[in-house]
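One structure is given here, and the rest of the page talks about it.
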Amino acid sequence: MNGRGDLSFHAYIRGIILFGFALLILGLIITDNIKYYIAPKMMPFIYFSIAVFFLLGIIQIFRSTKKGELDEEDDCDCGLDHQVSGPTWIKVVVYSIFILPLLMGFITPDQALNSQIAANRGIIFGSGNAQPVATIDDELSSTPRTDQFLNDPEGYLASLTEDEFDDDIEHFQIEDFYDEDWFNEYYDELLIELLEEPVIEVTDENYLDVMTLLDLHLEKFVGKELEITGFVFREPDFEDNRLVVARFSMTCCTADAGVYGTLVETEEASLFDNDMWIRVRGTIHETEYHGYKLPVVQLREVTVVSEPDSPYVYPSFR
Amino acid sequence: MNLKESASSLVKDLLGVALLLVFLLLFFNYDRITTSSFIDIPTSIVNVNTIFISIIIEAFPFILLGVFVSALIQIYVSEDTIQKYLPKSALGALFPAAVLGAIFPICECAIVPVVRRLIKKGMPLHVGVVFLVGAPILNPVVFASTFYAFRNNPTVLYSRMGLAFILAILIGAIIYFIFRKNTDQLKWSRDELVGKQVTQVITPQKKRNRVKQTMYHAADEFFMMGKYLIAGAFIAALFQTYLDRSILQALGTNEYSATFVMMVFAYVLSLCSEADAFVAASFANNFTTSSIIAFLVYGPMVDLKNTVMMLALFKTKFVLVFITTVTVVVFSSVLLLEFFIL
């Protein structure tokens, strides 16, 4: 065995693989396709890894040269850890493990997660805080609330804080998550803001917040108009006139992405295939699905749109 | 140099150049390849690819941080130094070992060879075990990533760190009592038994090259750990694409089965402790907080890729006893946490 030459060959091939990873990530960034893989807030880490891959790649190439060999730490105290041991086929397998994802990354088309993933992950209606139907006892009072608000906005808003206590019992989960005052304050303010709008426009930025409010205070939104963009998705048990307009929410990478959607009811539902991007506008009603109270949009207007620049939405962590 | 040898080195050089050319070619035609439809790949395969590439790109910066810090320790901190400060009493060493594990910013892939080296240099087996289970969780990078992933639920972060610290000591103590009489649980290669490795001496003039050596170590460690990461990410991507999570949810309806399911999941997915918090966050809606904590505590201590590494380095019986101990301890402590604290 020519152990020396072997070691330098490993350094050389590893250097090239490191360059490959740097090029792949750089390619994703240049084409802006990185948005399908990584949330914007993680990007500083990604730039760091490109720099390190290039640096290590250069060092590995130098290491494989004759001059580099002289410096090689023959007697480094780490023993035999750094060599690839075993017969040739094992070495081929080991390097294939690194080269295959590179080729896959370069060749496979970059696209956003779609309804197939949504089906397996299970859609989260609204924000995942929908209220079970049976436990809501103030349903009777829910419809006149908008009138109440219109007649006496200040008195009504004062009563909102009282409502919070009732809701706390149902939503211990989310209240646990955000048991700080700022959470309630922020959402109360947003709620008031939204209820004053003639049409509630759901944007990339406020998507998850509006979903949360729709779940927590559905009765206050009934009758209001909502405009929302997303891809079409259906659960297997849906009736023909129903579909979901959904978005993936990504915290860091696609492994943690969850699907958040709003039910839409229209006679034309069959015209829209899964994964089509549409913008819908309609009135919010209340419906029941699998024992949960959910908002449903009765369709007024629908436009087929192209996939938005940012197909995912991101939690804002205010 | 004879003809055969030079021919083989020429082939190797060409192989590398060809590989580099392929990468460059793909890079400069990136837009054309990924947007054209001349390669018709089924949607589900594209989805596997999307999640797979996403996980590895996400994990790379954390892995690189890990290998750099580990390489620095490798070069600048000698095992003798660490050993010198460990108390002589067997059980008294457990607590300082857990604290030291918290200072060691090494993730689960890097810790296996480090612990092996420490044990070879004379560190007691049970102290090594404390490192093995504690260090991957108790480190700043994992703290940061768990903080980011569960920014809206700090209970997860504190429970994860607290449990890891206490359980590392507990597991170390249990291993001490089981293997008290038979502490030699490493597999020794023939070379090492002959004494090939022991003859190594660090000569003073080598110190000049420490920066370079750190780089070499970092690169080598990246490749040593990277293969387990990539293989693990691929299996995880398959699960992510094809596993219907409603099945999991059906299994995870009560505290016992939810905790158990999440532990099995942590084992199979074999995620790096530096990135697993992000995956756990995706389950936060469907699973109880305590089962999420079980996922985050159990995964870094024992998982599929780690078992593969351990079986290569430790005796089989030891690996089995170790896994059983960790499983029982984590499961029961998470249930205790669920009933008494959360």
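So the sequence lines, in the order shown, correspond to chains A and B.
When we follow our numbering, the leftmost residue of the first sequence carries the number 16, and every step to the right adds one.
When we follow our numbering, the leftmost residue of the second sequence carries the number 15, and every step to the right adds one.
Where is the CB? At the ideal position from N, CA and C, for every residue including glycine.
Bear in mind the structure is a predicted one, so any value in this text is a computation, not a measurement.
Hey, could you find the ends of the beta strand (DSSP E) residue i is sitting in?
i, result
"residue 320 of chain A", "Looking at the DSSP string, residue 320 of chain A is not in any beta strand (DSSP E), and its letter there is neither H nor E."
"residue 261 of chain A", "257-264"
"residue 340 of chain B", "Run containing residue 340 of chain B: none in the beta strand (DSSP E); it sits in the alpha helix (DSSP H), 330-354."
"residue 214 of chain A", "214-216"
Does the separation of the CB atoms of residue i and residue j fall below 8 Å?
i, j, result
"residue 311 of chain B", "residue 114 of chain B", "no"
"residue 52 of chain A", "residue 43 of chain A", "yes"
"residue 330 of chain A", "residue 266 of chain A", "yes"
"residue 33 of chain A", "residue 65 of chain A", "no"
"residue 217 of chain A", "residue 241 of chain A", "yes"
"residue 280 of chain A", "residue 237 of chain A", "no"
Mind checking if residue i is an interface residue toward chain B, Cβ cutoff 8 Å exclusive?
i, result
"residue 67 of chain A", "yes"
"residue 132 of chain A", "yes"
"residue 52 of chain A", "yes"
"residue 109 of chain A", "yes"
"residue 135 of chain A", "yes"
"residue 173 of chain A", "Its pLDDT being 48, under 50, residue 173 of chain A is placed unreliably in this model, and the value from its coordinates should be taken loosely. Not one chain B Cβ lies under 8 Å of residue 173 of chain A."
"residue 64 of chain A", "yes"
"residue 222 of chain A", "no"
"residue 74 of chain A", "yes"
"residue 34 of chain A", "yes"
"residue 140 of chain A", "no"
"residue 129 of chain A", "yes"
"residue 42 of chain A", "yes"
"residue 271 of chain A", "yes"
"residue 119 of chain A", "yes"
"residue 60 of chain A", "yes"
"residue 266 of chain A", "yes"
"residue 80 of chain A", "no"
"residue 226 of chain A", "no"
"residue 335 of chain A", "Lying before the first or after the last residue shown, residue 335 of chain A is absent from chain A, which here runs from 16 to 333."
"residue 122 of chain A", "yes"
"residue 249 of chain A", "no"
When the cut-off is 8 Å and only beta carbons count, does residue i lie next to chain A?
i, result
"residue 63 of chain B", "yes"
"residue 352 of chain B", "no"
"residue 172 of chain B", "no"
"residue 199 of chain B", "no"
"residue 207 of chain B", "Interpretation of residue 207 of chain B is limited by its pLDDT of 49, a score under 50 that renders its predicted location unreliable; the figure taken from the coordinates is listed afterwards. No, no contact with chain A."
"residue 28 of chain B", "no"
"residue 75 of chain B", "yes"
"residue 240 of chain B", "yes"
"residue 233 of chain B", "yes"
"residue 265 of chain B", "no"
"residue 158 of chain B", "no"
"residue 182 of chain B", "no"
"residue 318 of chain B", "no"
"residue 145 of chain B", "no"
"residue 218 of chain B", "Its pLDDT being 45, under 50, residue 218 of chain B is placed unreliably by the model, and the measurement read from it follows with that caveat. Closer than 8 Å: no."
"residue 94 of chain B", "no"
"residue 323 of chain B", "no"
"residue 327 of chain B", "no"
"residue 24 of chain B", "no"
"residue 229 of chain B", "yes"
What are the start and end residues of the alpha helix (DSSP H) that includes residue i?
i, result
"residue 242 of chain A", "Run containing residue 242 of chain A: none in the alpha helix (DSSP H); it sits in the beta strand (DSSP E), 240-248."
"residue 234 of chain A", "233-236"
"residue 234 of chain B", "224-256"
"residue 175 of chain B", "168-192"
"residue 34 of chain B", "17-42"
"residue 321 of chain B", "318-327"
"residue 72 of chain A", "58-79"
"residue 135 of chain A", "130-136"
"residue 112 of chain A", "103-122"
"residue 111 of chain B", "108-117"
"residue 307 of chain B", "303-315"
"residue 146 of chain B", "139-148"
Below 8 Å on the Cβ atoms is my guess for residue i versus residue j; work out the distance and round it to an integer in Å.
i, j, result
"residue 262 of chain A", "residue 328 of chain A", "5 Å"
"residue 290 of chain A", "residue 246 of chain A", "5 Å"
"residue 306 of chain B", "residue 170 of chain B", "6 Å"
"residue 33 of chain B", "residue 31 of chain A", "5 Å"
"residue 333 of chain B", "residue 321 of chain B", "7 Å"
"residue 81 of chain B", "residue 315 of chain B", "In fact, because the Cβ distance is near 20 Å, the residues do not count as touching under 8 Å."
"residue 128 of chain A", "residue 277 of chain A", "Incorrect: roughly 18 Å between the Cβ atoms, too far for contact."
"residue 250 of chain A", "residue 138 of chain A", "7 Å"
Does the beta carbon of residue i sit closer than 8 Å to a beta carbon anywhere in chain E?
i, result
"residue 133 of chain B", "This model lacks chain E altogether, as its protein chains are A and B."
Run through the region 274-315 of chain A for me and flag every whole beta strand (DSSP E) of 3 or more residues, listed as ranges in chain order. Restricted to the region 274-315 of chain A, the beta strand (DSSP E) segments that are unbroken, complete and at least 3 residues in length are 292-304, listed in chain order.
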